[in-house]
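UniProt numbering applies: residue 1 is where the sequence shown begins, and numbers increase by one.
Idealized CB from N, CA, C, for every residue including glycine.
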Amino acid sequence: MYDFVIIGGGIIGMSTAMQLIEIYPDARIALLEKEAGPACHQTGHNSGVIHAGVYYTPGSLKAQFCLAGNRATKAFASRTASAMTSAANAGRHLAAGDGADARPVGSHRRQRPAARVAKRRELREREPNITGLGGIFVPSSGIVSYREVAAAMAKNFEAKGGTIVYNAEVSALKEHASGVVIRTAVAENMRPRR
Numbered sequence: 001m002y003d004f005v006i007i008g009g010g011i012i013g014m015s016t017a018m019q020l021i022e023i024y025p026d027a028r029i030a031l032l033e034k035e036a037g038p039a040c041h042q043t044g045h046n047s048g049v050i051h052a053g054v055y056y057t058p059g060s061l062k063a064q065f066c067l068a069g070n071r072a073t074k075a076f077a078s079r080t081a082s083a084m085t086s087a088a089n090a091g092r093h094l095a096a097g098d099g100a101d102a103r104p105v106g107s108h109r110r111q112r113p114a115a116r117v118a119k120r121r122e123l124r125e126r127e128p129n130i131t132g133l134g135g136i137f138v139p140s141s142g143i144v145s146y147r148e149v150a151a152a153m154a155k156n157f158e159a160k161g162g163t164i165v166y167n168a169e170v171s172a173l174k175e176h177a178s179g180v181v182i183r184t185a186v187a188e189n190m191r192p193r194r
């Protein structure tokens, strides 16, 4: 019997498992993932951008969460894998392809003091394949492999006593007065405590 059972081994499931084991170190926690490893779906196929919130209204809840996630992702990457760290701190260029694109870029720059204007020449020097009139450089943005981040989270979770069951697609959930029964192909009748 488990205190918590998380379904899904992408970035959300793994980070939830990791946070739960930090908050409840004596709890029995299991994570069920239908694939043979972590981050096999959306998490493992996204662009890997660590967003800096430039598309959100400054001070909005979305912007605040985005910046908190930016800091947390970079901190986790720096603690776990040096290969992730340099790219995590690489920054990001947002290029303006024409005059119409330049107006929003200017707006982003005014809203984000940490961002700075990048002229066409700087864009070309940093990345020859970028075309555009110019843009902004957002130093707090970066790139990581979220597949690697999820794998590091899984390792961290298991090292602290968590259980991960791979190839465990959930086929049924049944709620009873005494708790919930979770049925999978490999682990029938997993029961989180009520």
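In the DSSP assignment, what residue or residues form a beta bridge with residue i?
{"i": "Phe4", "result": "Ile29"}
{"i": "Lys160", "result": "According to DSSP, Lys160 bridges with nothing at all."}
{"i": "residue 203", "result": "For the chain, the structure presents residues 1 to 194; residue 203 sits outside this window and is missing."}
{"i": "residue 257", "result": "Outside the displayed span of the chain (1 to 194) sits residue 257, for which this structure offers no information."}
{"i": "Arg116", "result": "Phe137"}
Could you check if residue i is buried or exposed, using at least 16 other CB atoms within 10 Å of its CB as the buried criterion?
{"i": "Pro38", "result": "buried"}
{"i": "Ile23", "result": "exposed"}
{"i": "Lys160", "result": "exposed"}
{"i": "Ser107", "result": "Residue placement at Ser107 is flagged as unreliable, the pLDDT there being 48, under the threshold of 50; a coordinate-derived value is accordingly withheld."}
{"i": "Lys62", "result": "exposed"}
{"i": "Ala68", "result": "exposed"}
{"i": "Leu123", "result": "buried"}
{"i": "Thr184", "result": "buried"}
With distances taken from CA atoms, which of the options is nearest residue i?
{"i": "Ile11", "options": "Lys62, Val181, Leu67, Ala72", "result": "Ala72"}
{"i": "Asp26", "options": "Tyr2, Thr43, Ile7", "result": "Tyr2"}
{"i": "Val165", "options": "Ala152, Ala17, Ile21, Ala30", "result": "Ala30"}
{"i": "His51", "options": "His41, Phe65, Ala96, Glu122", "result": "Phe65"}
{"i": "Ala115", "options": "Glu33, Ser145, Glu125, Val54", "result": "Val54"}
{"i": "Met146", "options": "Lys34, Gly179, Gly13", "result": "Checking the sequence shown, residue 146 turns out to be Tyr, not Met. When only C-alpha atoms are compared, the closest one is Gly13."}
{"i": "Thr16", "options": "Ala96, Val144, Thr80, Gly162", "result": "Gly162"}
{"i": "Glu33", "options": "Ile6, Ile130, Val49", "result": "Ile6"}
{"i": "Ile48", "options": "Val144, Gly59, Asn70", "result": "Checking the displayed sequence, the identity of residue 48 turns out to be Gly instead of Ile. Of Val144, Gly59, Asn70, the residue nearest in Cα terms is Val144."}
{"i": "Ala95", "options": "Phe76, Asn70, Arg126", "result": "Arg126"}
What does a CB cutoff of less than 7 angstroms around residue i pick up in its chain, not counting 5 residues either side in sequence?
{"i": "Ala118", "result": "His93, Gly134, Gly135, Ile136, Phe137"}
{"i": "Met18", "result": "Met153, Asn156, Phe157"}
{"i": "Gln42", "result": "Gly10"}
{"i": "Val186", "result": "Val165, Asn167, Ala168"}
If you drop the 5 nearest sequence neighbours on each side, which residues of the same chain put their C-beta closer than 6 angstroms to that of residue i?
{"i": "Asn89", "result": "Gly142"}
{"i": "Pro139", "result": "Gly91"}
{"i": "Leu20", "result": "Phe4, Ile29"}
{"i": "Lys74", "result": "Ala88"}
{"i": "Ala150", "result": "Ile11, Met14, Pro38, Ala39, Thr43"}
Note down, in chain order, each residue of its chain lying with its Cβ closer than 8 angstroms to the Cβ of residue i, except the 5 sequence neighbours on either side.
{"i": "Val170", "result": "Ile7, Leu32, Lys34, Ile182, Arg183, Thr184"}
{"i": "Ile130", "result": "His93, Ala95, Leu123, Arg124"}
Runs of alpha helix (DSSP H) lying entirely within the region 18 to 60, each at least 4 residues, in chain order: Counting only runs of 4 or more residues that sit fully inside the region 18 to 60, the alpha helix (DSSP H) segments are 42 to 45, in chain order.
Beta strand (DSSP E) segments (min. 3 residues) lying fully within the region 127 to 179: Within the region 127 to 179, complete beta strand (DSSP E) segments of at least 3 residues are found at 134 to 138, 163 to 165, 170 to 176, given in chain order.
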